[in-house]
Amino acid sequence: MKPGAAAALTAQTVDLDRANAFFEKRRAGYETLADAVSAYLPTDGVLFDVGANVGFFTKVLVERTGFSGRAHLFEPVPNLAELCALTADELSCEATVHGVGLSDADSHLEIFVSSDGNLGWNTMVEQKARGKAMIPVDIEVARFDGLAITEVPDLVKIDVEGAEYLVLEGMLPSIALWSPLPVILCEIGWGAGHPEWPQELAAFDALRALGYETTLVNGDRVDVRDLRSTTDVLFIPGPRA
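With this note's numbering applied, the sequence shown corresponds to residues 1 to 241, in that order.
Here it is in structure tokens:
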């Protein structure tokens with residue numbers, strides 16, 4: 001780094017002001033997502049934000065919808081979880097931050113965080129981190145059903161940079177018992193370019209077996225098998241199979 005040059009933002013060292021400045025530049029995308037799910041989240045409902053980062057999605061959702069219910073935010077990167085808790089303290093809803101990632105098993109592992117200033121690029125998919133400006137960070141992950149959370153969500157947002165299938169494998173036993181089923185907003189990383197695409201599809205097939213249908217955030221129907229790039233998808237409950 002050149003003398004006098006500012007260090008790049010990283011998930012390990014960023015403060016909340018700089019993190020919010022980073023995400024504010026991307027607010028329009030978050031507003032699009034918040035608007036797409038607003039009809040599915042009652043004002044006094046329950047939200048699960050999986051891969052919460054500093055809590056910006058939930059913050060935007062609260063601002064745009066007046067949500068005042070119960071939110072659980074899951075973020076495994078320690079510094080980001082601390083910043084997320086600061087965000088949660090300022091929300092008009094009741095929010096709890098869990099400093100763990102959701103996965104298919106209770107474990108400690110590495111997540112790879114960007115070292116080039118992209119605070120939204122933190123992935124557990126090692127194959128996609130290789131050869132890139134990434135830093136390994138030790139984190140704790142857990143199966144959802146081991147966390148003793150009793151609320152049934154109206155909306156589950158999943159943004160975990162390719163670890164969707166791990167999150168869903170750990171949540172599916174609970175999802176199958178929830179009534180009514182929640183709407184799930186899921187960013188699907190890389191589409192068919194995902195290194196574990198068969199496992200991704202298996203998790204999505206399990207949701208389909210529960211009666212879920214899939215649309216893009218603009219409401220257009222989509223078959224997840226046709227995805228070829230990272231795409232936000234709504235899993236909307238239909239009649240159970």
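Backbone N, C-alpha and C define an ideal beta-carbon position, used for all residues, glycine too. Nothing here was measured: the structure is a model prediction, and the numbers come from that model.
Helix, strand or coil at I149 [DSSP, three-state]
coil
For the structure I just gave you, are there three or more beta carbon pairs, one from the segment 157-167 and one from the segment 36-54, closer than 8 Å?
yes
Span of the alpha helix (DSSP H) holding M171?
164-175
For V54 versus A19, is the C-beta spacing smaller than 7 Å?
yes
Using the Cβ count rule (16 or more neighbours within 10 Å means buried), how would you classify D104?
buried
For G146, count neighbouring C-beta atoms within 10 Å of its own C-beta (all shown protein chains included) and say buried if the count is 16 or more, exposed if not.
exposed
DSSP beta-bridge partners for N79?
DSSP output for N79 lists no bridge partner at all.
Limits of the alpha helix (DSSP H) - the one that L155 falls within
That residue, L155, is in no alpha helix (DSSP H); its beta strand (DSSP E) goes 155-158.
Three or more beta-carbon pairs under 8 Å between the segment 221-233 and the segment 178-190, yes or no?
yes
Could you tell me which uninterrupted beta strand (DSSP E) segments, each at least 3 residues in length, are contained entirely in the segment 24-70, listed from first to last along the chain?
46-50
Which partner residues does P136 have in the DSSP bridge list?
F112
Does the distance from the CB of E94 to the CB of R130 come in under 7 Å?
no
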